[in-house]
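Taken in order, these protein sequences are the chains called A and B.
Our numbering puts the first residue of the first sequence at 1, with every later residue one more than the last.
Our numbering puts the first residue of the second sequence at 329, with every later residue one more than the last.
So the structure is just underneath, and the comments pick up after that.
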Amino acid sequence: MKKIIPIIVLLILFVIALFNKSQLEMSAGVSILVTILLGIAMIVVLILTISGRSIERRIVFLFIGVSLILPFFMNFTLPLQVSPEVRTLYDALAKLPKGSKVLASYDYDPPSAPELQPMGDAFMKWAFRHDIKVIIIGLWPQGPLQANLSVNAALADPEIAKHPPKYGVDYVNLGYQSGNEFVIQGMGTSIRSKFPSDLYNTPYDSIPLLRGVENFSNIDFVFNLSAGYPGTVEWVQIAVDRFGVPVGAGNTAVQAPQVYPYVESGQLTGLLGGMSGGAEFEKITKEPGQANTFLLSQSFAHVVVIGFILIGNVALFMGKTKRRPPIG
Amino acid sequence: MQFDIGIWIGALLTLGIISFLYKDNIIYKISEAIFVGVSAGFWFIALFWDNLYRVFWIGVFPAANTNAKPQYILFGGVILGMLMLSRLLGNKVGWISRWPLAFIVGATAGLKLITYLASNALSQINATVGNFVGAVNQPTFAGLVAASTIAIGTFCGLVYFFFSKEHRGWFGGLATIGTWFLMVTFGASFGYTVMSRMSLLLGRIDFLLSDWLHLIK
Chain A
1 MKKIIPIIVL LILFVIALFN KSQLEMSAGV SILVTILLGI AMIVVLILTI
51 SGRSIERRIV FLFIGVSLIL PFFMNFTLPL QVSPEVRTLY DALAKLPKGS
101 KVLASYDYDP PSAPELQPMG DAFMKWAFRH DIKVIIIGLW PQGPLQANLS
151 VNAALADPEI AKHPPKYGVD YVNLGYQSGN EFVIQGMGTS IRSKFPSDLY
201 NTPYDSIPLL RGVENFSNID FVFNLSAGYP GTVEWVQIAV DRFGVPVGAG
251 NTAVQAPQVY PYVESGQLTG LLGGMSGGAE FEKITKEPGQ ANTFLLSQSF
301 AHVVVIGFIL IGNVALFMGK TKRRPPIG
Chain B
329 MQFDIGIWIG ALLTLGIISF LYKDNIIYKI SEAIFVGVSA GFWFIALFWD
379 NLYRVFWIGV FPAANTNAKP QYILFGGVIL GMLMLSRLLG NKVGWISRWP
429 LAFIVGATAG LKLITYLASN ALSQINATVG NFVGAVNQPT FAGLVAASTI
479 AIGTFCGLVY FFFSKEHRGW FGGLATIGTW FLMVTFGASF GYTVMSRMSL
529 LLGRIDFLLS DWLHLIK
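Put into structure tokens, the structure is as follows:
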């Protein structure tokens, strides 16, 4: 029987995947009812723990999975306050006059896309809407391709599509260059030496947007999306401290704590930390996107994690209570 | 009927990896092996074409229609790289790899010394002390508390890592305060890591629910 259940579940999923054409959405009432049921289930786990029954880890995985999946079908968003670091980045971008050149460095790959892609999409839409010229580069091989996804998302916007930006004039993708932080160092002297052509092999000098762009002194702002090395730390150490160009960054939540000192010291002009930073950036730029949608699921999951941490502490302090067989 | 082979392969491999949460199984092992193999293959090709071809080959033999001059110094990098591989040839010849390794360690240390000293040490000290002095000169309660916390936490954290003196008495007290600050820092870092991992899982769930099952937009 146990072996048949996964097969049945898979067959149901296959049928849905092949034939389903309609979206599923829960009403507000059902959403609240589901939330209450999840809370009651957590309380039941707490009671069982107090009575000495330990919970198997697969039950914990199930709770996390349910708390992540169900909010996708709910139709409400959480209130969101914009943090000072996000506001600093937005204010720096908002101060740029029309026609300013922003170097957008996409230094991440698809595994980090759930956190960083919403930031990139919101930035690109905002830039195209406000006539900011964007020069895209990547210090990771897949970065420029992720940037193209941001460009496509922006071009799909109906308002931007009415007056679409022109490649080579309003934005350009110079592609990836190996060399890590030495690419940043080289760009301080000559961007052309590091990127002799764009992603499509068009020579640097043939691109109208790049006429007069020799090095960082011709760049008004650097917007960096980073998932590790090379990334924001290298941009701060070389581009900011050596060449004096202002840099704002979006980071994965793993990297954000090590980058916060740069924000406090003023070396970094604003920081978008993780998915919550992305959601705040979407709110402040008025470019609603995926981060806000995901934030509800993330908040639910965090509450469940905190609940289980508290339950775990209850189990720890009741360590000498007689244990009964685990549930699950 | 909607059937995109790429999405189906991605969905089945995602479910295969997630099946490990129930228990280790052959489907998980196959999915993991495919992931490791594809990653290794991708990076091999990417590094070959982006470094060996685009940097070395094009650098040494530039195209005729460009003004670029051959950069023969790139041969030095290739020779050092090949010497590194001598480690694979056993102990009799393997000692040669220590020379390129020494070059890399020495060059990196030299390049990073000033960078880290300026960006990670001096700028941070300037900010820590400067914020505290600024808060004292123009006091608001919140600003004073924040600046004091950072200054005290930084100082006590550094005291904890000073092992040339025994952590006893007043010195031990400062080190204990530093320990608490470090624990709070690690806790915050752990919390951010949990958030990051949840975000990655959300990306996969979004792929399954929207691209594969079409249950959400």
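Glycine residues also receive a C-beta, built at the ideal position from the N, C-alpha and C atoms.
7 Å CB neighbourhood of residue i in its chain, flanking five on each side removed
i, result
"A/Q298", "M275"
"A/V245", "F216, I219, V222, A239"
"A/T77", "N292, L296"
"B/I373", "none"
Start-to-end residues for the alpha helix (DSSP H) that takes in residue i
i, result
"A/D121", "113-129"
"A/D157", "Careful: A/D157 lies outside any alpha helix (DSSP H) and carries neither H nor E."
"B/V433", "426-444"
"A/S54", "Counting along the chain, A/S54 falls outside any alpha helix (DSSP H), though it belongs to the beta strand (DSSP E) covering 53-55."
"A/D91", "84-94"
"B/N454", "451-465"
"A/S297", "290-317"
"A/N251", "Taken as a continuous stretch (DSSP letters only), A/N251 belongs to no alpha helix (DSSP H), being part of the beta strand (DSSP E) at 247-251."
"B/V512", "497-534"
"B/N419", "419-422"
"B/F363", "354-375"
Neighbouring residues, chain B, relative to residue i (Cβ below 8 Å)
i, result
"A/F221", "Result: empty, since nearest Cβ-Cβ is about 19 Å, beyond 8 Å."
"A/G266", "A455"
"A/P230", "Ordered by position in chain B, no residue passes the 8 Å Cβ test against A/P230, which lies about 13 Å from the chain."
"A/G270", "Those within 8 Å of A/G270 in chain B number zero; the least Cβ separation is about 16 Å."
Sub-7 Å separation of residue i and residue j beta-carbons
i, j, result
"A/S247", "A/V222", "Checking the displayed sequence, the identity of residue 247 of chain A turns out to be Val instead of Ser. Yes, Cβ-Cβ distance for A/V247 and A/V222 is below 7 Å."
"A/S67", "A/F300", "yes"
"B/R415", "B/G405", "no"
"A/I137", "A/S100", "no"
"A/V172", "A/I207", "yes"
"A/E280", "A/S83", "yes"
"A/L225", "A/Y108", "yes"
"B/S359", "A/E115", "no"
"B/K545", "A/Q23", "yes"
"B/I533", "A/I69", "yes"
"B/A455", "A/S265", "yes"
"A/I311", "A/T49", "yes"
First through last residue of the beta strand (DSSP E) which encompasses residue i
i, result
"A/V172", "171-176"
"A/I136", "133-138"
"A/K101", "101-107"
"A/L272", "271-273"
"A/V222", "221-226"
Beta-carbon neighbours of residue i, restricted to chain B and to distances below 7 Å
i, result
"A/Q146", "Within 7 Å Cβ-Cβ: nothing; A/Q146 doesn't reach chain B, min ~13 Å."
"A/P261", "Q452"
"A/M187", "What A/M187 touches in chain B: nothing, since even the nearest Cβ is about 16 Å away."
"A/S297", "L530"
Contact list for residue i against chain A, beta-carbon separation under 8 Å
i, result
"B/M511", "In chain order: nothing, as chain A lies at least about 14 Å away."
6 Å Cβ shell around residue i - same chain, five flanking residues per side excluded
i, result
"B/L402", "F384, G387, V388"
"B/Y488", "A503, G506, T507"
"B/A475", "N459, F460, A463"
Contacts that residue i makes with chain A (C-beta to C-beta distance below 9 Å)
i, result
"B/A470", "Within 9 Å Cβ-Cβ: nothing; B/A470 doesn't reach chain A, min ~12 Å."
8 Å CB neighbourhood of residue i in its chain, flanking five on each side removed
i, result
"A/A41", "F63"
Listed by chain order, chain A residues near residue i by CB distance under 7 Å
i, result
"B/V522", "V305"
Within 8 Å of chain B by C-beta, residues of the segment 76-95 of chain A in sequence order: Shown here is that no member of the segment 76-95 of chain A has a Cβ falling below 8 Å from a Cβ of chain B.
Residues from the segment 10-21 of chain A in contact with chain B, defined by Cβ distance under 8 Å: Listed by position along the chain: L10, L13, I16, A17, L18, F19, N20, K21.
Cβ-based contacts, 9 Å cut-off: residues of the segment 436-466 of chain B near chain A: Correct list: L439, K440, T443, Y444, A446, S447, N448, S451, Q452, N454, A455, T456, G458, N459.
Residues from the segment 304-318 of chain A in contact with chain B, defined by Cβ distance under 8 Å: Cβ contacts with chain B come from V305.
Short-range partners of chain B found in the segment 112-136 of chain A, where Cβ spacing is below 8 Å: Here the close residues are S112, A113, P114, E115.
Residues in the segment 235-259 of chain A having any Cβ partner in chain B nearer than 9 Å: Those residues of the segment 235-259 of chain A that come within reach of chain B (Cβ to Cβ, closer than 9 Å) are V236, Q237, I238, V240, D241, R242, T252, A253, V254, Q255, A256, P257, Q258.
Contact residues within the segment 29-60 of chain A, judged by C-beta distance below 7 Å to chain B: Residues passing the 7 Å Cβ filter: R58.
Under 7 Å (Cβ pairs) to chain B, residues found in the segment 202-215 of chain A: Across the segment 202-215 of chain A, no CB contact with chain B closer than 7 Å is found for any residue.
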